[in-house]
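S.K.: For reference, the structure I am asking about is given below.
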Amino acid sequence: MAREDQKMRSDAVRQAILDAALDIGIREGFGEVSIRKIISRMNYSTGVVYHYFKDKQEVIDAVEAAETAWLGAEIRKLMDDTKDIAQNMLTVFHRVMRLAMEEPERYNLIVLHKYSRHNPSAVPWMGYLSGAIRRDIERKKLRPVDPERAAFSIWSSFLGFNLMISRQRGLTPEAADALFDTQAGIILKGIQSDG
């Protein structure tokens with residue numbers, strides 16, 4: 001029982017470090033996260049943080065992994081297999097746009113991987129997008145296109161859109177939604193079947 005208690009305390013301290021880093025990153029920018037700021041926020045010694053992480057980058061990588069998992073779970077909740085890819089895509093990209101608007105640093109961390117030392121080239125859900133495009137082409141809901149190229153083009157188009165949205169100061173949610181509808185209409189018109 002003592003070992004389980006010790007592991008729970010250890011996990012709680014590790015999580016507290018990650019929570020402090022996430023809070024600093026969202027408030028000040030992830031470039032401003034430092035071991036000094038983490039320990040100051042937590043009232044721990046430097047040694048405690050270094051017991052769990054070798055450096056600041058390892059802390060940021062762990063925060064990014066946890067936040068990426070969170071966004072993946074959010075996306076999976078939004079997906080509806082009874083809807084076509086266009087409907088699902090609009091729902092998911094709208095959620096990601098809101099993240100870009102409301103929490104640009106979190107968006108930079110987990111969607112753009114701006115602070116990652118790994119900078120993954122493959123977006124985890126790009127495979128889902130290309131598979132769904134392929135499925136809807138077979139169902140004649142989309143015109144014949146290369147699914148991988150279409151997924152890449154759609155993803156990068158919305159990434160650029162969200163980047164621009166995240167930089168707009170004073171943009172209301174209604175104005176962002178209107179811009180989103182325009183963007184989505186242009187993108188969908190390019191892949192939707194005429195028939």
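If you read the sequence shown in the numbering used here, its first letter stands for residue 1, the second for the next number, and so on.
For every residue, glycine included, the Cβ atom is placed at its ideal position computed from N, Cα and C.
Under DSSP, the alpha helix (DSSP H) around SER130 begins and ends at which residues?
M.R.: SER130 -> alpha helix (DSSP H) spans 126-138.
S.K.: Going by DSSP, what residue range makes up the alpha helix (DSSP H) through TYR52?
M.R.: Segment 46-52, the alpha helix (DSSP H) holding TYR52.
S.K.: With distances taken Cα to Cα, identify the nearest neighbour of ILE60 among GLY25, MET97, ARG139, ARG98.
M.R.: Cα-wise, what sits closest to ILE60 is GLY25.
S.K.: Determine the contact status of GLU270 and LEU18, defining contact as a CB-CB distance below 7 Å.
M.R.: Because the chain spans 1 through 195 in this model, residue 270 falls outside it and cannot be assessed.
S.K.: Could you tell me the boundaries of the alpha helix (DSSP H) in which LYS37 lies?
M.R.: Start and end: 35-42.
S.K.: I need the boundaries of the alpha helix (DSSP H) containing HIS94, first residue and last residue.
M.R.: Note, HIS94: alpha helix (DSSP H), 85-102.
S.K.: Do LYS56 and SER34 have their beta-carbon atoms positioned less than 7 Å apart in this structure?
M.R.: Yes, the pair counts as a contact, with Cβ atoms nearer than the cut-off.
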